[in-house]
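Colleague:
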Amino acid sequence: MSTREQFIEEILHSFHAIRNITKTRSLHLGHQNQITHSQWFVLTMVQHFKKISIKDIAEKMEMSSSAATQLVDGLVQAGLVIRQEDPKDRRLVQLELSPKGKKHIAATKKSRIAEMAEIFDALTDKELEEFVRLHKKVLSKSLHKEL
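This is how it looks when you write it as structure tokens:
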């Protein structure tokens, strides 16, 4: 195995370890009763698009409309998302964040940033800046390949 492959393997291991650390910390902090990863993804989509249909969510998540409806139902029951009839076509239902949903996203982001800040506390500000620059560079090239 080449040195480059060894470095990439080390990166994969570190990504996995960081994921496990954050997952374990979330469980210890009592987040296990919060929404699922898929529901979080739906919440962030609703936040991004302001109003979005279940059909659009299903397409973006590459799942059936019934599966997307189940995800959304849980969010509606939790009071995080509101269903609104489309004023132009009452058959269409648009989703938007409730005030509780907006607060939930803000609190979750704050908590996740705090968790990651602890992990990245091992780096100086300059090292963290370089890490972000390199991470963006890798991500940028990956995104261009997808297009």
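Numbering (my numbering), first residue to last: 1 to 147. From the three backbone atoms N, C-alpha and C, an ideal C-beta is built for every residue, glycine too.
Between the C-alpha atoms of R83 and W40, what's the straight-line distance to the nearest angstrom?
Modeller: So the two alpha carbons sit approximately 17 Å from each other.
Colleague: Would DSSP call Q34 helix, strand or coil?
Modeller: Three-state result, Q34: coil.
Colleague: Using DSSP with H/G/I as helix, E/B as strand and the rest coil, what is E85?
Modeller: Strand at E85.
Colleague: Suppose contacts are defined by Cβ-Cβ distances below 8 Å. Is S66 in contact with Q94 by that definition?
Modeller: No; because the gap between Cβ atoms is not below 8 Å, this pair is not in contact.
Colleague: Between the stretch 94-104 and the stretch 72-79, do three or more beta carbon pairs fall short of 8 Å?
Modeller: Yes: at least three Cβ pairs fall under 8 Å.
Colleague: According to DSSP, what are the bridge partners of S53?
Modeller: DSSP lists Q94 as partners of S53.
Colleague: Mind checking whether L71 and S111 have CB atoms under 8 Å apart?
Modeller: In this structure, S111 does not lie closer than 8 Å to L71 by Cβ.
Colleague: Starting from L75, trace the alpha helix (DSSP H) in both directions and tell me its first and last residue.
Modeller: Looking at the DSSP string, the run of the alpha helix (DSSP H) that includes L75 is S65 to Q77.
Colleague: Would you tell me roughly how many angstroms separate the C-alpha atoms of M45 and K55, rounded to the nearest one?
Modeller: One C-alpha to the other measures close to 13 Å.
Colleague: What does the Cβ neighbour count give for H16, buried or exposed, with the cut at 16 atoms within 10 Å?
Modeller: With fewer than 16 other Cβ atoms within 10 Å, it is exposed.
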